Amino acid sequence: MRTGIGYDSHRFALGRKLILGGVEIPYHKGLLGHSDGDCLTHAIIDSLLGAAGMPNIGQLFPDTDPQWKDVKSTELLKQVLSEINKKGFRLLWIDSVVIAEEPKLNPYIPAMKKALSETGIPEEIINIKPKTNEAMGFIGRKEGIAVIVTCLIERLVN
Ligand code: MG
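Each residue of the sequence shown is one higher than the last, beginning at -5 in our numbering.
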């Protein structure tokens, strides 16, 4: 058994869609990023890479590489899952905290789980817990969103 931890934060920007967990969420701003800015999916990817002892998302999909420009982050997650499966690991659990002052994310959790499950992760092993930052710091000032993820994987083969 191995655990992994992932963290990501992205800044809000006008004129961008807000994508979290592969779902477009209605809001007047979106997250800036070379990809779609989906910091939940990025943190999930980093937790998986951490558990598997692999390099982080920035090393695997550098933002200097035009092929990752505006890429759907769930596509990157799909690739990482397949890499991890090839190494003989099976994902058992993902827990996440999405820290955002706005918008309210609870109504979108089922849609996020469903969209993430389309990458190959069963919905039943994905947990998503939105929180605010009690009006403190950059999140409290609604400048961006941060996400923390832990995962548990097991090695099926040596
Ligand atoms: Mg990111």
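All residues carry an ideal CB built from backbone N, CA and C; glycine is no exception. No experiment lies behind these values; they were computed from the predicted model shown.
Classification of residue i by the beta-carbon crowding that lies within 10 angstroms, buried from 16 upward
i	result
Lys107	buried
Ala37	buried
Ala129	exposed
Gly131	exposed
Gly16	buried
Gly24	buried
Contacts around residue i, its chain only, beta-carbon distance under 6 Å, and the 5 residues preceding and following it disregarded
i	result
Asp57	His28
Trp87	Ile119 and Leu146
Phe83	Ala46, Ile147 and Arg149
Residues near residue i in its chain [Cβ-Cβ closer than 8 Å; skip 5 each side]
i	result
Glu95	Thr126, Asn127, Ala129, Ile133, Gly134, Arg135 and Lys136
Ser111	Glu117 and Ile120
Neighbourhood of residue i by C-beta distance below 7 Å, restricted to the same chain and skipping five residues each side
i	result
Thr113	Thr68, Leu71, Lys72 and Leu75
Pro124	Val92, Ala94, Leu99 and Asn100
Would you check if there are 3 or more beta carbon pairs closer than 8 Å linking the stretch 22 to 31 to the stretch 58 to 71? Contact between the stretch 22 to 31 and the stretch 58 to 71 is present: three or more C-beta pairs spanning the two stretches fall below 8 Å.
Let me know the beta strand (DSSP E) ranges lying completely inside the stretch 57 to 93, each 3 residues or longer, listed in chain order. The DSSP assignment places complete beta strand (DSSP E) segments of no fewer than 3 residues inside the stretch 57 to 93 at 83 to 93, in order along the chain.
Whole runs of the alpha helix (DSSP H) within the stretch 6 to 63, excluding any shorter than 4 residues: As summarised for the stretch 6 to 63, the continuous alpha helix (DSSP H) elements at least 4 residues long and confined to that stretch are 33 to 46 and 51 to 54, given in chain order.
Does the pairing of the stretch 130 to 145 with the stretch -4 to 13 give three or more beta-carbon distances under 8 Å? As far as the Cβ criterion goes, the stretch 130 to 145 touches the stretch -4 to 13, which means the pair count is three or higher.
Could you tell me which uninterrupted alpha helix (DSSP H) segments, each at least 4 residues in length, are contained entirely in the stretch 102 to 148, listed from first to last along the chain? Listed in chain order, they are 103 to 111 and 131 to 134.
Does the stretch 16 to 23 touch the stretch 39 to 48, meaning 3 or more C-beta pairs lie closer than 8 Å? By the C-beta criterion, the stretch 39 to 48 is judged not to be in contact with the stretch 16 to 23, since fewer than 3 inter-stretch pairs fall below 8 Å.
Contact set, the ligand MG heavy atom to C-beta under 6 Å: Per the Cβ criterion, the list is Asp2, His4, Gly27, Cys33 and His36.
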